Amino acid sequence: MSDTQPEWFTAQQIAQRISPDRARRLIRQAILDGFDPSEDPHRIGVPAGPGHVLLMPSTLTRWTGVKVATVSPENAQLGLPRIQATYLLMDTRTLTPMALLDGAALTTLRTPAVSAAVAEDLAPAEAKHLVVFGTGPQAEAHVHAMLAIRPLERVTIVGRTPQKVEHLVAELGQLSPQVVAGTADAVAEAEIVVCATSAAEPLFDGSLVPDGACVIAMGSHEPDRRELDSALMGRSLVVVEDPAAALREAGDVVMAIDDGALAEADLIPLRASITGEVARRDDRPNVFKGTGMSWEDLAVAVGMLED
Numbered sequence: 027m028s029d030t031q032p033e034w035f036t037a038q039q040i041a042q043r044i045s046p047d048r049a050r051r052l053i054r055q056a057i058l059d060g061f062d063p064s065e066d067p068h069r070i071g072v073p074a075g076p077g078h079v080l081l082m083p084s085t086l087t088r089w090t091g092v093k094v095a096t097v098s099p100e101n102a103q104l105g106l107p108r109i110q111a112t113y114l115l116m117d118t119r120t121l122t123p124m125a126l127l128d129g130a131a132l133t134t135l136r137t138p139a140v141s142a143a144v145a146e147d148l149a150p151a152e153a154k155h156l157v158v159f160g161t162g163p164q165a166e167a168h169v170h171a172m173l174a175i176r177p178l179e180r181v182t183i184v185g186r187t188p189q190k191v192e193h194l195v196a197e198l199g200q201l202s203p204q205v206v207a208g209t210a211d212a213v214a215e216a217e218i219v220v221c222a223t224s225a226a227e228p229l230f231d232g233s234l235v236p237d238g239a240c241v242i243a244m245g246s247h248e249p250d251r252r253e254l255d256s257a258l259m260g261r262s263l264v265v266v267e268d269p270a271a272a273l274r275e276a277g278d279v280v281m282a283i284d285d286g287a288l289a290e291a292d293l294i295p296l297r298a299s300i301t302g303e304v305a306r307r308d309d310r311p312n313v314f315k316g317t318g319m320s321w322e323d324l325a326v327a328v329g330m331l332e333d
């Protein structure tokens with residue numbers, strides 16, 4: 027029996043070793059190395075106390091990992107995070123634990139990395155204007171992720187709470203693009219739109235989104251919640267991580283299909299976009315609806331142990 031203990035990596039260590047742009051490259055490399063997200067195990071949800079536990083296992087050749095995340099809605103009243111997580115990284119050949127990582131930090135890093143990995147192919151090459159819905163950590167992280175792939179000159183922040191919008195605008199004030207507060211109709215002049223909210227209803231009128239623009243929706247992974255309306259989904263090229271996963275968890279997709287605006291056959295797997303099998307469209311919007319999958323955490327986590 028081995029006496030070797032897995033190394034623990036804090037949120038600060040993860041941030042120091044894996045930049046947002048490196049996380050994007052790790053995500054793309056997993057796909058270019060041949061991984062097919064349709065082979066990833068389903069996310070497992072288990073009721074526990076006032077919330078639930080999520081188990082997210084995956085294997086990428088020599089590495090195997092699992093994220094254990096907890097969602098406890100009552101934690102806010104206790105001064106604790108609503109979502110907490112730990113990641114266990116193992117050697118596939120022996121299944122020996124090699125590392126433990128701060129799972130919340132890993133999630134904060136990998137979600138915008140996936141968005142940027144897809145937007146690299148879906149967004150206009152010279153995109154200048156980014157509109158972000160949301161004011162939380164994911165909204166801020168997505169701004170940095172999009173800045174790494176496109177020459178943005180203007181970032182518009184849209185949120186429900188003016189004080190939170192003003193705070194995020196100030197936080198991003200040191201960036202080279204102009205960062206301003208705006209309203210939902212800003213999407214009419216956007217080349218990239220990011221939706222990073224907990225909304226259950228569409229955030230804006232999808233008819234305003236210009237052809238050729240890239241819209242990223244990653245705020246929910248529940249079949250009865252959505253950030254994008256059916257009309258936008260119906261007139262767009264729609265890319266998802268995996269069609270089967272989207273049909274289980276992506277309300278933007280599920281409800282658009284229920285409304286008759288979208289068909290299951292219209293869904294383009296992320297893999298087809300990244301490998302170049304399917305190209306972005308200039309004559310319609312390009313939508314990426316992400317729900318989060320286990321392989322994404324693993325692809326980024328291995329960056330802690332590999333150069």
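Residue numbers (our numbering): 27 to 333. Ideal Cβ positions, reconstructed from N, Cα and C, are used throughout, including at glycine. Keep in mind it's a predicted model, so treat the numbers as computed, not measured.
Handout entry: Complete beta strand (DSSP E) runs within the segment 117–197 (minimum length 3 residues, chain order)
Key = 123–128, 155–159, 180–184
Exercise for the section: Taking only the alpha-carbon atoms, compute the straight-line gap between Y122 and P83 and give it to the nearest angstrom. Expected result: Taking the first residue of the sequence shown as position 1, residue 122 is located at position 96. Taking the first residue of the sequence shown as position 1, residue 83 is located at position 57. One detail in the question is off: residue 122 reads as Thr in this sequence, not Tyr. Their backbone Cα atoms lie some 15 Å apart in a straight line.
Problem - Buried or exposed (CB count within 10 angstroms, at least 16 for buried), R50 - result: To locate residue 50, count along the sequence shown from 1; it is residue 24. Counting Cβ neighbours within 10 Å, R50 comes out buried, since at least 16 surround it.
Handout entry: Nearest neighbour of V181, chosen from A270, L104, A174, V195 [CA to CA]
Key = Working through the sequence shown from its first residue, we reach residue 181 at position 155. Nearest of A270, L104, A174, V195 to V181, Cα basis: V195.
Problem - Residues of its chain near F159, where Cβ-Cβ distance is below 6 Å and the 5 sequence neighbours each way are ignored - result: As a working mapping, residue 159 is identified with position 133 in the sequence shown. If we look at F159 and ignore the five residues flanking it on each side, its Cβ neighbours are V184, C221, T223, L229.
Handout entry: Backbone CA spacing between R43 and E332 [nearest angstrom]
Key = Numbered from 1 along the sequence shown, position 17 holds the residue referred to as residue 43. Numbered from 1 along the sequence shown, position 306 holds the residue referred to as residue 332. Roughly 10 Å separates the two Cα atoms.
Exercise for the section: Could you tell me the distance, in whole angstroms, from the CA atom of G105 to the CA atom of R176? Expected result: Start at 1 with the first residue of the sequence shown, and residue 105 comes out as number 79. Start at 1 with the first residue of the sequence shown, and residue 176 comes out as number 150. Between G105 and R176, the C-alpha separation is close to 38 Å.
Practice task
Pull up the distance between the alpha-carbon of P138 and that of Q164, whole angstroms please.
Solution key: Mapped onto the sequence shown, residue 138 falls at position 112. Mapped onto the sequence shown, residue 164 falls at position 138. The straight-line gap from Cα to Cα measures roughly 7 Å.
Practice task
Check P311 in the structure and name its three-state DSSP category.
Solution key: Numbered from 1 along the sequence shown, position 285 holds the residue referred to as residue 311. Coil at P311, not helix or strand.
Practice task
Would you kindly check if the distance between the Cβ of R48 and the Cβ of G316 is under 8 Å?
Solution key: Taking the sequence shown and counting its residues from 1, one reaches residue 316 at position 290. Taking the sequence shown and counting its residues from 1, one reaches residue 48 at position 22. Contact flag unset, no.
Exercise for the section: Taking only runs that begin and end inside the segment 191–240, name each unbroken beta strand (DSSP E) of 3 or more residues, in chain order. Expected result: 204–207, 218–221
Problem - alpha helix (DSSP H) segment containing P269, residue limits - result: Here residue 269 refers to the residue found at position 243 of the sequence shown. Counting along the chain, the alpha helix (DSSP H) containing P269 begins and ends at 269–275.
Practice task
Please look up how many angstroms separate the CB atoms of R69 and L86, rounded, as I've assumed it's under 8 Å.
Solution key: Position 43 of the sequence shown, counted from the first residue, corresponds to residue 69. Position 60 of the sequence shown, counted from the first residue, corresponds to residue 86. Their Cβ separation, rounded to whole angstroms, is 16 Å, which puts R69 and L86 out of contact at 8 Å.
Practice task
Please list, in chain order, all residues of the same chain as V326 whose beta carbon is under 8 Å from its beta carbon, the five residues on each side excluded.
Solution key: Here residue 326 refers to the residue found at position 300 of the sequence shown. Hits under 8 Å: I44, A49, L52, I53, L132, L135, R136, A139.
Exercise for the section: Give every residue of the same chain whose Cβ lies closer than 8 Å to the Cβ of P46, excluding the five residues on either side of it in the sequence, and list them in chain order. Expected result: Taking the sequence shown and counting its residues from 1, one reaches residue 46 at position 20. Around P46: L135, P138, A139, A142, A167, H170, A171, A174.
Practice task
Assign M27 to one of two classes, buried (16 or more other C-beta atoms within 10 Å of its C-beta) or exposed (fewer than that).
Solution key: Mapped onto the sequence shown, residue 27 falls at position 1. With a pLDDT of only 41 at M27, under the threshold of 50, the placement of this residue in the model should not be trusted; the figure read from the coordinates follows. By the neighbour-count rule (16 or more Cβ atoms within 10 Å), M27 is not buried but exposed.
Practice task
Give the DSSP-derived three-state secondary structure of E253 in the structure shown.
Solution key: As a working note, residue 253 is residue 227 in the sequence shown. In this structure, E253 counts as coil in the three-state DSSP scheme.
Practice task
Report yes if the C-beta distance between L263 and I218 is below 8 Å; otherwise report no.
Solution key: The residue you call residue 263 lines up with position 237 of the sequence shown. The residue you call residue 218 lines up with position 192 of the sequence shown. Taking 8 Å as the Cβ cut-off, L263 and I218 do not qualify as a contacting pair.
Exercise for the section: Taking only the alpha-carbon atoms, compute the straight-line gap between R225 and E253 and give it to the nearest angstrom. Expected result: Start at 1 with the first residue of the sequence shown, and residue 225 comes out as number 199. Start at 1 with the first residue of the sequence shown, and residue 253 comes out as number 227. The amino acid at residue 225 is misidentified as Arg; the sequence shows Ala. Distance between the alpha carbons of A225 and E253 is about 6 Å.
Exercise for the section: With distances taken Cα to Cα, identify the nearest neighbour of L114 among R261, Q103, G129, E100. Expected result: Against the sequence shown, residue 114 aligns to sequence position 88. Considering only R261, Q103, G129, E100, the residue with the shortest C-alpha distance to L114 is G129.
Exercise for the section: Tell me Q110's beta-bridge partners as DSSP assigns them. Expected result: The count along the sequence shown starts at 1 and reaches residue 110 at position 84. DSSP output for Q110 lists T96 as bridge partner(s).
Handout entry: First and last residue of the uninterrupted alpha helix (DSSP H) at L288
Key = Taking the first residue of the sequence shown as position 1, residue 288 is located at position 262. First-last for L288: undefined, no H or E at that position.
Exercise for the section: Could you say which of D308, S320, L324 lies nearest to A345 if we only look at CA atoms? Expected result: A query on residue 345 cannot be resolved here, the shown segment of the chain reaching from 27 to 333 and no further.
Handout entry: Neighbourhood of A271 by C-beta, 7 Å cutoff - its chain only, sequence neighbours within 5 removed
Key = The residue you call residue 271 lines up with position 245 of the sequence shown. Cβ within range, chain order: T317, M319.
Practice task
Assess, as a yes-or-no matter, whether the segment 281–290 is touched by the segment 201–218 under the definition of 3 or more beta carbon pairs within less than 8 Å.
Solution key: no
Handout entry: C-beta atoms of P311 and V280 nearer than 8 Å
Key = Counting from one through the sequence shown, the residue named residue 311 turns up at place 285. Counting from one through the sequence shown, the residue named residue 280 turns up at place 254. Contact: no.
Exercise for the section: Determine the closest residue to V304 out of K93, P107, M244, D147, with distance taken between C-alpha atoms. Expected result: The count along the sequence shown starts at 1 and reaches residue 304 at position 278. Minimum Cα distance to V304 is reached at D147.
Exercise for the section: Kindly indicate the opening and closing residues of the alpha helix (DSSP H) around S84. Expected result: If you number the sequence shown from 1, residue 84 lands on position 58. Segment 77–86 is the beta strand (DSSP E) holding S84; no alpha helix (DSSP H) there.
Problem - Contact under 8 Å by Cβ, D62 with R88 - result: Here residue 62 is taken as the residue at index 36 of the sequence shown, counted from 1. Here residue 88 is taken as the residue at index 62 of the sequence shown, counted from 1. Against a cut-off of 8 Å, the Cβ pair of R88 and D62 comes out as no contact.
Problem - Other residues of its chain near I40: CB distance less than 8 Å, five sequence neighbours each side excluded - result: For the purposes of this step, residue 40 is identified with residue 14 of the sequence shown, where counting begins at 1. Here the set comprises L127, D128, A131, L132, L135, M330.
Practice task
Measure the CB-CB distance between K190 and T209 and report whether it falls below 8 Å.
Solution key: Position 164 of the sequence shown, counted from the start, is the residue given in the question as residue 190. Position 183 of the sequence shown, counted from the start, is the residue given in the question as residue 209. Not a contact, by the Cβ cut-off of 8 Å.
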